[in-house]
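Engineer:
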Amino acid sequence: MSTTSSSRASALVFGAVLLAACQAPELAPDHPAIDRRPVAVADVPGRTVEHLPVELRSVEVGPLDRATAPWTREEALEKARDPLLIEVVTARPLELKPDSSYPLIVWNGRKLPRTRIVPGTSDRLQAYLIARSEVQERNQVQVFWEGREAETITRKPLFVLPDQVRR
């Protein structure tokens, strides 16, 4: 055996021994260093709130005017026939980042494009209906993140009945 091949063999054996020594020791399942707490989906790396279904805590519907929605465009209010403001409270805060998509309220399957987060909050959304006539016998309310509808749409929608709409 030549000196060169002997040196290579020694280096390989040394590397294998070093690698084995650096391996983490296997811990018994009941070892105190093992964290047994369940991992929430939001805690999984790469899963942010905008990747989770947007569940709702409450929804309120009432008249829309300059006092209740100063952000509404004047021409929208002029053309409206008894407009309504929808305010949704989400079950968990929404985390908006400059590069993220945005949440939309869905009323009876119709996406409301002028949805906005109420300033100073992280769990309240508002949108409006142009006419009270859009209220049906049973109105389904959901929210989703634009561009991620399938994975983020509310799984347990809330419902609004006509007598629950404030006058």
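Going from the sequence shown to our numbering is simple: count from 1 and add 2.
Just so it is clear, CB atoms sit at the ideal spot from N, CA and C, and this is done for glycine as well.
Assuming the contact rule is C-beta atoms closer than 8 Å, PRO85 and ALA133 should be a hit. Round their C-beta distance to whole Å, please.
Structural biologist: Confirmed, about 7 Å.
Engineer: Helix, strand or coil: how does DSSP classify GLU62 here?
Structural biologist: Of the three classes helix, strand and coil, the one that applies to GLU62 here is strand, per DSSP.
Engineer: For LEU106, which of ARG168, TRP147, VAL167, PRO55 has the nearest alpha-carbon?
Structural biologist: Among ARG168, TRP147, VAL167, PRO55, the Cα nearest to that of LEU106 is on TRP147.
Engineer: According to the neighbour-count rule (16 or more other Cβ atoms, all chains shown, within 10 Å of its Cβ), is THR156 buried or exposed?
Structural biologist: With 16 or more Cβ atoms within 10 Å of its Cβ, THR156 is classed as buried.
Engineer: So, is THR123 buried or exposed, given that buried needs 16 or more other C-beta atoms within 10 angstroms?
Structural biologist: Counting Cβ neighbours within 10 Å, THR123 comes out exposed, since fewer than 16 surround it.
Engineer: Looking at the unbroken alpha helix (DSSP H) that takes in ILE92, where does it start and where does it end?
Structural biologist: In the sequence under discussion, the amino acid at residue 92 is Thr, which differs from the Ile named in the question. Element bounds for THR92: not the alpha helix (DSSP H) but the beta strand (DSSP E), 86-92.
Engineer: Can you tell me the Cα-Cα spacing of LEU163 and GLN138, whole angstroms?
Structural biologist: Roughly 8 Å between the two C-alpha positions.
Engineer: Between which residues of its own chain and PRO55 is the CB-CB distance below 7 Å, once the five residues before and five after are set aside?
Structural biologist: Answer for PRO55: THR154, ILE155, THR156, ARG157, listed in chain order.
Engineer: Once the 5 residues before and after ARG59 are set aside, which same chain residues still bring their CB inside 8 Å of it?
Structural biologist: Result list for ARG59: VAL91, THR92, ALA93, ASP125, in chain order.
Engineer: Report the residue from HIS53, VAL63, PRO121 whose alpha carbon sits nearest the alpha carbon of ARG168.
Structural biologist: The residue with the shortest Cα to Cα distance from ARG168 is VAL63.
Engineer: Which same chain residues end up closer than 8 Å to PRO159 when comparing Cβ atoms and leaving out the 5 residues on each side of it in sequence?
Structural biologist: Excluding residues within five positions, the ones whose Cβ falls inside 8 Å are LEU58, GLN142, VAL143, GLN144.
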